[in-house]
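One structure is given below, encoded as structure tokens.
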Amino acid sequence: MGMRYLTAGESHGPQLTTILEGLPAGMTLAASDINEELARRQKGYGRGRRMQIEKDTAEIVSGVRHGQTLGSPITLVVKNNDWKHWTNIMGIESIEEGQEDEIKRKVTRARPGHADLNGAIKYGQRDMRNVLERSSARETTVRVAAGAVAKKLLSLVGVSIVAHVVEIGGVTANVDSTITLEALKGRTESSPVRTADPNVEQEMMQAIDNAKKNGDSIGGVVEVIATGMPVGVGSYVHYDRKLDGKLAAAIMSINAFKGVEIGIGFEAARKPGSEVHDEIAWDQEKGYYRKTNRLGGFEGGMTTGMPIVVRGVMKPIPTLYKPLMSVDIETKEPFAASIERSDSCAVPAAAVVAESVVAWELANALVEQFYSDRFATFAEEIKRQREFAREF
Numbered sequence: 001m002g003m004r005y006l007t008a009g010e011s012h013g014p015q016l017t018t019i020l021e022g023l024p025a026g027m028t029l030a031a032s033d034i035n036e037e038l039a040r041r042q043k044g045y046g047r048g049r050r051m052q053i054e055k056d057t058a059e060i061v062s063g064v065r066h067g068q069t070l071g072s073p074i075t076l077v078v079k080n081n082d083w084k085h086w087t088n089i090m091g092i093e094s095i096e097e098g099q100e101d102e103i104k105r106k107v108t109r110a111r112p113g114h115a116d117l118n119g120a121i122k123y124g125q126r127d128m129r130n131v132l133e134r135s136s137a138r139e140t141t142v143r144v145a146a147g148a149v150a151k152k153l154l155s156l157v158g159v160s161i162v163a164h165v166v167e168i169g170g171v172t173a174n175v176d177s178t179i180t181l182e183a184l185k186g187r188t189e190s191s192p193v194r195t196a197d198p199n200v201e202q203e204m205m206q207a208i209d210n211a212k213k214n215g216d217s218i219g220g221v222v223e224v225i226a227t228g229m230p231v232g233v234g235s236y237v238h239y240d241r242k243l244d245g246k247l248a249a250a251i252m253s254i255n256a257f258k259g260v261e262i263g264i265g266f267e268a269a270r271k272p273g274s275e276v277h278d279e280i281a282w283d284q285e286k287g288y289y290r291k292t293n294r295l296g297g298f299e300g301g302m303t304t305g306m307p308i309v310v311r312g313v314m315k316p317i318p319t320l321y322k323p324l325m326s327v328d329i330e331t332k333e334p335f336a337a338s339i340e341r342s343d344s345c346a347v348p349a350a351a352v353v354a355e356s357v358v359a360w361e362l363a364n365a366l367v368e369q370f371y372s373d374r375f376a377t378f379a380e381e382i383k384r385q386r387e388f389a390r391e392f
């Protein structure tokens, strides 16, 4: 059946919640596994004041006993520390007559690039706060929490994953293609902009500073690399079972992401086939492998055993302190769009989110393909699949 999760909660509500289903029983899991990832999401040059207010930590409230998963749904809760300032504005109780203006902090000026206007029309909301509170990227907090659980599962079956920033505001990193995943992780974790190229770090930070000074925002490109996936995960049999398609959908589901590519991606359109496809070779120790990895670890919607390489493009955050013009939905008159507290650049944090959603899809694909009621059996089946592919 595979894994799934649902998230719930508003940006300034009391808490964010996610319920995870389908994890094998008997897998080790601790709150520290999740909180480490939540702390990574909150880092990054260019983040706004909200990250100083919230110190996100997750509480596991179901599905784990004495450090091991039970096989039942796992519930994770992240409290919003800022809730104490929003209890009236975001309270569930009805508002008494005459208190509307004081309490509601109504939003009627749609922000270009946000879900505000489309969401208001879809759900018939005259107060667009009812839209923006849920469409906010704050929701990615619990997506990272879910991804942390997936990363734990992957690590226990020999799959490693790391994300890094390859471009911010037109400043592009140049990363050695032979760098190990461990070295890549070490460099990115010590970088304020999560880049593995120290030569462009200051230039990226300057681009963020310039955008902030001008009341503007900038976007960028992040890359996720995963190693250790066994051969043949995914399927060519049906369109909706192609694992690279699921990864593309996962990246595009992240707030503000507008493009995705796998391997050399769009560059393939400008090259002949001989410079796109990867030659196959065989070695007695490792079995089949590709001499290059231009296709990013996929052929026919299935893993090849080579590193999985996925990139996503994040547009500049649409909340601007130098706001674009919009229309007030009450008066229909032109106004400068509403301003909500925001970041000038969230690309470094988005890399962590991208890493999380890719981890979830990879873990889910393994759980779908291999027996997964009991973790020990699940891990053994994956080991056997690797041996089978090597000896095939």
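So that you can map any letter, position 52 of the sequence shown is 52 in the UniProt record's numbering, and since no number is skipped, the others follow by simple counting. Think of the CB as a built atom: it goes at the ideal place given N, C-alpha and C, for glycine as much as any other residue. A quick note: this is a predicted structure, and the numbers were derived from the prediction, not measured.
Over what stretch of residues does the alpha helix (DSSP H) that includes residue i continue unbroken?
i, result
"TRP360", "347 to 369"
"LEU20", "Per DSSP, LEU20 belongs to no alpha helix (DSSP H); it is in the beta strand (DSSP E), 15 to 21."
"VAL144", "140 to 156"
"MET90", "Premise fails: MET90 is in no alpha helix (DSSP H) and is neither H nor E."
To the nearest angstrom, report how far apart residue i and residue j are at their CA atoms.
i, j, result
"PHE375", "LYS152", "12 Å"
"ASP33", "SER356", "13 Å"
"residue 395", "LEU243", "Outside the displayed span of the chain (1 to 392) sits residue 395, for which this structure offers no information."
"VAL166", "VAL347", "10 Å"
"GLU59", "GLY26", "19 Å"
"VAL175", "THR57", "32 Å"
"TYR318", "GLU330", "With the sequence shown as reference, residue 318 is identified as Pro, and Tyr is not the correct amino acid for it. Approximately 22 Å between the Cα atoms of the pair."
"GLU285", "GLY305", "14 Å"
"VAL144", "GLU189", "16 Å"
"LYS258", "SER160", "26 Å"
"LEU76", "ALA173", "36 Å"
Report the three-state DSSP secondary structure of residue i (helix, strand or coil).
i, result
"GLN385", "helix"
"GLU189", "helix"
"VAL224", "strand"
"GLU201", "helix"
"GLN125", "coil"
"GLN68", "strand"
"LEU295", "coil"
"LYS1", "Reading off the sequence shown, one finds Met at residue 1, where the question assumed Lys. Coil."
"ILE95", "coil"
"GLU267", "helix"
"SER253", "coil"
"residue 396", "In this structure the chain extends from 1 to 392, so residue 396 is not present and cannot be described."
"LEU132", "helix"
"PHE378", "helix"
"ASP56", "coil"
Applying the 10 Å Cβ sphere with the 16-neighbour rule, what's the burial state of residue i?
i, result
"ASP240", "exposed"
"PRO307", "buried"
"GLY9", "buried"
"VAL78", "buried"
"LYS332", "exposed"
"VAL149", "buried"
"GLY215", "exposed"
"GLU136", "With the sequence shown as reference, residue 136 is identified as Ser, and Glu is not the correct amino acid for it. Per the 10 Å Cβ criterion, buried."
"MET325", "exposed"
"PHE388", "exposed"
"TYR236", "exposed"
"GLY63", "buried"
"ARG105", "exposed"
"HIS66", "exposed"
"GLN369", "buried"
Tell me which residue opens and which closes the beta strand (DSSP E) that residue i is part of.
i, result
"ILE280", "280 to 283"
"VAL165", "160 to 168"
"LYS258", "257 to 262"
"LYS79", "74 to 79"
"MET27", "Segment: none, MET27 is in no beta strand (DSSP E) and carries neither H nor E."
"TYR239", "First-last for TYR239: undefined, no H or E at that position."
"MET314", "308 to 314"
Go through its chain and collect everything with a Cβ distance to residue i's Cβ below 6 Å, but skip five positions before and after it.
i, result
"ARG386", "PRO230"
"ARG390", "GLY287"
"MET3", "GLY22, ASN364 and VAL367"
"ASP328", "THR108, ARG109 and PHE335"
"ALA120", "MET128 and VAL131"
"GLY71", "ALA25"
"LEU6", "ILE19"
"GLY113", "PRO318"
"LYS212", "SER344"
Report all residues from its chain with a CB closer than 8 Å to the CB of residue i; omit the five preceding and five following residues, and keep chain order.
i, result
"ALA250", "VAL357, VAL358, TRP360 and GLU361"
"ALA31", "THR57, ALA58, GLU59 and ILE60"
"ILE208", "TYR45, GLY46, ILE168, GLY169, VAL193, ILE218, SER344 and CYS345"
Closer than 7 Å by C-beta to residue i: which residues in its own chain qualify, once you throw out the five before and the five after it? Chain order, please.
i, result
"LEU320", "GLY215, ASP216 and SER217"
"THR377", "TYR371"
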